[in-house]
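Quick note on numbering that gives the first Met the number 0: the sequence shown kicks off at 0 and runs consecutively.
Glycine residues also receive a C-beta, built at the ideal position from the N, C-alpha and C atoms.
Read through the structure below, which is laid out as structure tokens, and then see the notes.
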Amino acid sequence: MASSTLTTTKQAIIATTCTAQAIAGTAYGNTVVPLSPRSVEKVSISVTAEEARNQGFAHRMFGDTFHVPAVYDFFESEAQGIRLGYLLMERVHGRTFDQIDLSTQEAITLGAAVVHAVTQT
Numbered sequence: 000m001a002s003s004t005l006t007t008t009k010q011a012i013i014a015t016t017c018t019a020q021a022i023a024g025t026a027y028g029n030t031v032v033p034l035s036p037r038s039v040e041k042v043s044i045s046v047t048a049e050e051a052r053n054q055g056f057a058h059r060m061f062g063d064t065f066h067v068p069a070v071y072d073f074f075e076s077e078a079q080g081i082r083l084g085y086l087l088m089e090r091v092h093g094r095t096f097d098q099i100d101l102s103t104q105e106a107i108t109l110g111a112a113v114v115h116a117v118t119q120t
């Protein structure tokens, strides 16, 4: 989608991305930026409509068991031949996985539990 066809709201979101302090992500990968106390956006060349659909599905299926953020919107912009995906979602407060001090065994157990839950649907 070309930038000229974006709504004023989406243009404002893009502008926020450029000026806001990221709360997660890396300089050259996915970046998560707060939009409000209750919402964030994830932006990257690797953020896709498929990711938005998958996350929406996971939220509907597992939202009561795992803290999977609700998806509010997804859109794309293109500038200078570079496509960026913007995933607007619920802000879930708490620690991220990289902030939790898990032993290798605990991480494996947690991962196995997630895989088991996903494969039971």
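CB residue i to CB residue j, shorter than 7 Å?
i	j	result
Val191	Pro68	Given a span of 0 to 120 for the chain in the structure shown, any question on residue 191 remains unanswerable.
Phe73	Ala51	yes
Met88	Tyr71	yes
Select from the options the residue whose C-alpha is nearest the C-alpha of residue i.
i	options	result
Ile13	Val42, Glu49 and Asp100	Val42
Gly24	Gln54, Val113, Val39 and Gln10	Val39
Ser35	Ala21, Ser102 and Ser45	Ala21
Gly28	Thr16, Ser45 and Ala19	Ser45
Thr64	Glu75, Thr8 and Ala112	Ala112
Glu75	Gln104, Glu49 and Gly62	Glu49
Measure how close the beta-carbons of residue i and residue j come, nearest whole angstrom, since I'm counting them as under 8 Å.
i	j	result
Thr47	Gly84	5 Å
His66	Gly93	7 Å
Which partner residues does residue i have in the DSSP bridge list?
i	result
Gly24	Thr30
Phe74	Tyr85
Glu40	Val32 and Leu87
Just to confirm my understanding: we take residue i, look at its own chain, exclude 5 residues before and 5 after, and list those with CB closer than 8 Å. What are they?
i	result
Gln54	Val67, Pro68, Val70, Leu86 and Met88
Gly62	Ala69
Gln104	none
Looking only at its chain, what residues have a beta carbon closer than 6 Å to the beta carbon of residue i, apart from the 5 residues adjacent to it on each side?
i	result
Thr108	none
Ala19	Val32
For residue i, which residues in the same chain have their Cβ closer than 7 Å to its Cβ, ignoring the five residues on either side in sequence?
i	result
Ile81	Ile44
Thr15	Val32 and Leu34
Ala106	none
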